[in-house]
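Working notes, beginning with the structure itself.
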Amino acid sequence: MKVIVIGCGRLGSEVAYLLYKHGNEVSIVDKCKSAFEILKPDFKGIINEGDALSQETLKRAGIENADAVAIATSSDAINLVVGRIAAEVYHVKNVVSRNFEPNFSELFEIFGLEVISGTNWGASRMEEMILNEKFRLMYSAGSGEVDYYEVIMPETFVGNLVSDLHPQPGSLAIVSVTRLGRSFIPALSDELEPGDHVHVSATHEGIEALRKIINLRK
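Letter by letter, the sequence shown follows residues 517 to 734 of the working numbering.
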């Protein structure tokens, strides 16, 4: 996967490193040359010094062929604008932006951008959203023993029931389903449709088992 990371601060540098270590082609952008000094020595991705608001900089970073863009600057305004450029101008399917101020969150939502909170989410969560765009981690309970996910059913997911998503007792629970903007609590016998947003509470083992179930039905 080709991924561009915008912003080489603490979060951006960690996300870039995690993505690189997991075998992805990573290009990181920052307007300050000194910012790249925070990168770990074994990071071998592409470094791009320049203004992320400049399309010349974005093209140099490879946005025209990018599979995903992670935007992690310290400015909500920049994160919003670059996110819109990536999604609407270059049609990048998977764009995740960092969000600090609550008053910006509605704007991110209006423009359909996936966001992570600047205070409550770490690099590993942002990486997960980049790599698993069909599995969106919404909330982590306790010390992370149980997570709440929004799982988007793929286009090939046809003719499967809610009961098909239960890997093993005690590891996963289907909370609700949102279809065409309307939510409901499903019965185990209800049939799921491509594009359904299925809200799931699961342990780590449960969500990994669910990934395998969905991948087998692709």
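Even for Gly, the Cβ is constructed at its ideal location relative to N, Cα and C.
Buried versus exposed, by CB contacts within 10 Å (16 or more), residue i
i    : result
F673 : buried
M654 : exposed
A532 : buried
R614 : buried
L534 : buried
E572 : exposed
V608 : buried
I626 : exposed
Residue nearest to residue i in terms of C-alpha spacing, selected from the options
i    : options                : result
H715 : E724, S699, L677, Y665 : Y665
E644 : D706, V612, P702       : V612
G686 : S717, N595, I522, R526 : S717
E565 : Q571, K575, C548       : C548
A703 : R641, G711, L688, S679 : S679
P670 : I587, R641, L726, G711 : G711
D567 : N581, A582, V598, S692 : V598
L569 : S529, G523, A551, L527 : G523
A588 : A551, R698, G539       : A551
K650 : K728, H538, N540       : K728
Cβ-Cβ separation, residue j to residue i (assumed contact under 8 Å), whole Å
i    : j    : result
N731 : L708 : That pair is no contact at about 15 Å.
V542 : V519 : 5 Å
D663 : I701 : Incorrect: roughly 19 Å between the Cβ atoms, too far for contact.
V631 : S640 : No, V631 and S640 are not in contact; Cβ-Cβ is about 16 Å, not under 8 Å.
A586 : V521 : 5 Å
Beta-ladder partner(s) of residue i, from DSSP
i    : result
F700 : V693
V631 : S613
F651 : V667
N564 : V545
Separation of residue j from residue i, as counted between CA atoms
i    : j    : result
G525 : I554 : 8 Å
P562 : L629 : The residue asked about is misnamed: residue 562 is Ile in this sequence, not Pro. Computed Cα separation, rounded: 25 Å.
L726 : G658 : 21 Å
A584 : D706 : 33 Å
P557 : S529 : 12 Å
S699 : I690 : 13 Å
R652 : I668 : 8 Å
Residue i Cβ short of 7 Å to the ligand SAH heavy atom set
i    : result
K549 : In the structure shown, the ligand SAH is absent, as is every other ligand, since no ligand is present at all.
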